[in-house]
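Taking mature numbering (1 follows the signal peptide of the UniProt record, and there is no 0), I'd label the letters of the sequence shown as residues -24 to -1, 1 to 696. Step one of this worksheet: look at the structure below.
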Amino acid sequence: MLRFSVSSFSLGVICSVTALSAQAAPIELDPAFGNNGVASVAVDPSAGDEAQAIALDSNGNIVAAGYISAPGNAFAISRFTADGSLDTTFGSSGIVVNDLTTRPDGAYAVDIDASDNIIVAGRSNVGMGTGDFTLLKYTPAGVLDTSFGTNGVVTTSFSTSATPYAIGRDSNQRIILAGAVAGSIISLAAYSADGTLDTSFASSGTLESGAGHTLRDLAIDGSDRIIVGGFTANNASADFIVARYLSDGSLDTSFGNNGTVVSDLGDKDQIYGLTLDADGNIVVAGASGGGLAVARYTPDGTLDNTFAGNGWATADPSGANDIAYDVAIDPAGNIVVSGIGGPNFMLARFDSTGALDTTFNDTGFLVEDITGTNQQDNGYSLVLDSNGGFLVGGRKFNTTTSFDMTVARFQVGNAAPVASSVSVDGVAQVGSTLTGTYTYSDADSDPEGASQIRWRLDTNASGNNLITIPGADSLQYVIQPDAIGNFLFFCVTPVATSGTLTGNETCSPATAAVLADDDDGLDGSIEIGVPDPDGIGNGDGNGDTVPDNEQGNVTSLLQSGSSAYATLVSLGNLQLSAVTAQPAPAGLPASVNTPVGAFSFTATGAAPGATEDFELYIPFDPAITMALKENRLTGEWVDVADSITQVGNKTRISFSITNGGPFDADGDATNNQIQDPIVPASGNLSNTIAIPSLSQLGLLIMVLMMGISTTVVRRRKTIG
C-alpha cells in the first residue's frame, strides 16, 4: 500500500514513445509537390536520364542538371517550379538538351549566379575514352549564353580524359571546377566569369596532382581558399582525402599535412559531398564500407574529436549498401545528407555532436522507395529550401526507359501528438482511488481531442505483459481486490482533433505492488506523509521501518486543526480502526493544557480482561507530562501514562488499557475491543485523583473512611 509517483519511483517502464525535450517529427514526401512529392520528367522517352545535381534560383525554381544515357548521350537540364511542375517558360516545355558530341556527354554539377544564369559543369567526349571539362552557361530562359566561351560552351582538355564533379564560384565570380583525370588524378580548373581560363591559377588555369586520387566536391571559404574532398583510390583501400588550395592554385601548407589530410575510417572510405559550417569547419559525407559516413575537420585540417568522439560517424539506414552523395548544414547547425539507402532515396540528419538526430523521423534517417519498385531510385544532390523542405535530385525507375530525371521534396510532416509526464497519484491499496495525470503536446499546435485512457496491470514492474483492465478508461480508478499483488500502469494514447490524429501510447512507471487494505479506516495517502522520529517523511511514524499504511496496528493521522501528525501503535498487534483526531473533550480540569487535542480509537482483538500496551507519537513537546483517560465509573480524568520519553523529534507516550476495565469506554470485556480517547496533556490534576480504578465495594469503603476521618477531625476541634 505504498504511495507512489513518477518522481519517487523508478520501478516502471515507459510503454512506448517517451516525451522528448524536442518532439520527434516524421519526415515525409510533400504531397503538394509534383506527384505526391516527386517531380520527374522523361527527357528522352527512348533513353534513361537522371539529375546529377540540382540548384535553386531566386524565384525558388529548381534547376536539375544531368544527362541522357545511350543512345542520347547528351547534357540534359530541366526546371521545375516550386510546386514541382515543369516550368514551361524554360527551354522547350521545361527541358533543355545539348548534345555536344556523338559520344557520352553529361552534366555533374550546376550553379546559378545572381542573375539566375545557369552554369552547368560536366564532361564532353571528344574521342573514344577521351573527355574534357565542359562548361555550359544558360540564360534564365534556358538559352545558351553566347557571350560565354564559344556560343555558351567552354571545354578544357587535360593530359587524358577528365571529368568535373563539382563547381563553385569565389568572391571574384571565378568559376572553380574540381574532378579527376583518368578517374585517379586530382584535377582543378579556374575560369573567369566569361569562361576563359584564369591563368593566374596554377600558371595555366588548370592543375593535375596526386596520382590515385579523385575529387568529388568542393567549397570556397571567405578567403577564397578552395577546399576539396574525395578519396585516395577507387578500390577497397580508399581513404578520405581533403585538401585546401589557395586562390592561386597552390596547396595551402598551413592545412593538414602540407595542404592535405588523409583519413582512414577503417574500410573503403570515399567522400562524395563537402560543405562548410558556420564556424568554418569542413563537413564531408560519403561512404565507409557498406554504410554512409560523415566527418568533420577543423579549419586547420584536423579531425574534430568533439564530433562523435573521433571526428567521424557512420550509419546504416537501410541495412544494405548506403552512400551519402551530398551534404548540407541546416539553420540549426545540423548536418543533413542525401544519397541512397539500398536501392532507394535516403536522407539522414546528424546533430552538431555527430549523433544521429532522433528528432528527425524518430530514427535520424529516412529511406524512401519513391516508385514502390525497390529498383535503384537514387538520390544524388541535396538542397535545403527556405520553407524547411529537403529537395533531392536524382533518378527514379521507369519500367519503360530505365530511369527518369527526378526531384523529390521531403518535408517535416505533421507531428503526432505526444502524451508526456504520464504519472499516477494515489495509494496502491485495494479501495484506494488512483488519479492519472499527463501533459498533452503537439508540435503543430493541433488541439487535443478524445485521448484514450487505459488502466493496465502486470504481474511485474517491467510492464512487458500489460493487461488492460476492462472499463478502467477514465483519469481515476478505484483499485479492486483482483489487483492485489499486481503492478498498475496509467496509459494514454494522445489524440488530436486535426493533423496527425493519434500518437503513441505512453504509460506511467509502475506503481508498487497492490496491497490489501490495512482496515484502519484511513486513506493510506494520508499516512504516507508522516515523518519518522528522525524527521524523514517516509510514512513510518513510529520508526519501525515498515510504512504505517501497511500495518493494521499502526495508524498515523493529522492532529485536530493542525498539519502535524500523530501516530498510534498497538504493541499487541490489535487492529486499529475508527481512529480520529478531535478537540480536547469538555469536562477536563482547568489546570491541564491539551495542546494536541484528543485521539479516539477502537482496538480490536483484545482478550477479555487482557491489558494491552499502546504508544502514541506526537511532535516533541517537553511540556507533555500526562496521558489522560476518563474513568467510566467515576467520571474522573486520570493520568494513565506508563512513561513519556523523547524519541528523536517526537514525544512517545506509553500507556496500558485493560479490556473491560474502567478506562475501556464500552466496558465490555467480551467484545474484544478497547475504545475511547487518549488526551496528551501538561499541567497538573489538582482537582482530580490520579489513582487506579476501584470496584464499587472499594468506592464504598473509601467513602466510609472519609466520613470517619471527618468525624475525628470535628471532635478534635471541639475538644480543643
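Built from N, CA and C at the ideal position, the CB exists for glycine as well.
Let me make sure I understand the geometry here. Which of the options has the alpha-carbon closest to that of residue i?
i: P598; options: F283, G365, V623; result: V623
i: G128; options: G242, K113, A219, P307; result: K113
i: T172; options: D253, A31, F109; result: F109
i: P559; options: I594, S536, T543; result: S536
i: T190; options: D245, N648, G277; result: D245
i: L111; options: T126, V655, L544, A117; result: T126
i: L550; options: S362, I633, G611, A83; result: I633
i: S264; options: G309, S213, Y221, N660; result: S213
i: F577; options: A459, P653, N37; result: P653
i: V568; options: I445, W613, Y453; result: W613
i: A169; options: F124, G159, T131, A308; result: F124
i: V157; options: G107, A540, D240, N354; result: G107
i: D81; options: T476, G42, L194; result: G42
i: L241; options: E526, L227, A542, A289; result: A289
Indicate the three-state DSSP secondary structure (helix, strand or coil) for residue i in the structure shown.
i: I502; result: helix
i: N12; result: coil
i: E526; result: helix
i: A308; result: coil
i: A459; result: helix
i: G267; result: strand
i: S553; result: strand
i: Q649; result: strand
i: K372; result: strand
i: D420; result: coil
i: N233; result: strand
i: Q352; result: coil
i: V359; result: strand
i: A300; result: strand
i: D434; result: strand
i: F177; result: coil
i: L670; result: At L670, the pLDDT of 47 sits below 50, so the modelled position is not reliable and the matter cannot be decided from this model.
i: S34; result: coil
i: A562; result: coil
i: T347; result: coil
i: Q28; result: strand
i: N663; result: For N663, the pLDDT reaches just 48, beneath the cut-off of 50, and the residue's location in the model is therefore unreliable, although a value from the coordinates is still provided. Looking at N663 - three-state DSSP - the assignment turns out to be coil, as it is neither helix nor strand.
Distance, Cα to Cα, residue i vs residue j?
i: D327; j: V313; result: 12 Å
i: T347; j: T229; result: 48 Å
i: A58; j: G479; result: 31 Å
i: N663; j: S546; result: Low per-residue confidence applies at N663: pLDDT is 48, beneath 50, and the placement is therefore not dependable enough to give any value.
i: T587; j: G581; result: 12 Å
i: A492; j: L433; result: 16 Å
i: P140; j: A154; result: 5 Å
i: F341; j: A284; result: 17 Å
i: P507; j: N518; result: 9 Å
i: A384; j: N35; result: 18 Å
i: I161; j: P21; result: 36 Å
i: A271; j: A40; result: 27 Å
i: Y248; j: D215; result: 12 Å
i: R79; j: A18; result: 20 Å
i: D520; j: T487; result: 23 Å
i: G266; j: V218; result: 21 Å
i: G315; j: D298; result: 7 Å
i: T642; j: Q649; result: In the sequence on display, residue 642 carries Asp and not Thr. The alpha-carbon atoms of D642 and Q649 are separated by roughly 8 Å.
i: S484; j: D449; result: 15 Å
i: A31; j: F465; result: 52 Å
i: R608; j: P638; result: 5 Å
i: G67; j: V119; result: 7 Å
i: N440; j: E481; result: 14 Å
i: I600; j: L410; result: 39 Å
i: I151; j: N93; result: 13 Å
i: L(-14); j: V403; result: Here the model assigns L(-14) a pLDDT of 31, short of 50, so the residue's position is not dependable and the matter cannot be decided.
i: G24; j: T382; result: 11 Å
In the DSSP output, which residue or residues are listed as bridge partners for residue i?
i: I161; result: V157, A187
i: N281; result: None, per the DSSP bridge assignment.
i: residue 732; result: The requested residue 732 does not occur in the structure, where the chain is confined to residues -24 to 696.
i: T469; result: Q428
i: P656; result: A603
i: R145; result: I151
i: S464; result: Note on residue identity: the sequence assigns Leu, not Ser, to residue 464. L433.
i: E4; result: Q387
Of all the alpha helix (DSSP H) runs that stay within the bounds of the stretch 566 to 645, which reach a length of 4 or more residues? none
Counting only runs of 3+ residues fully inside the stretch 44 to 96, write out the beta strand (DSSP E) ranges in chain order. 50 to 56, 71 to 74, 82 to 88
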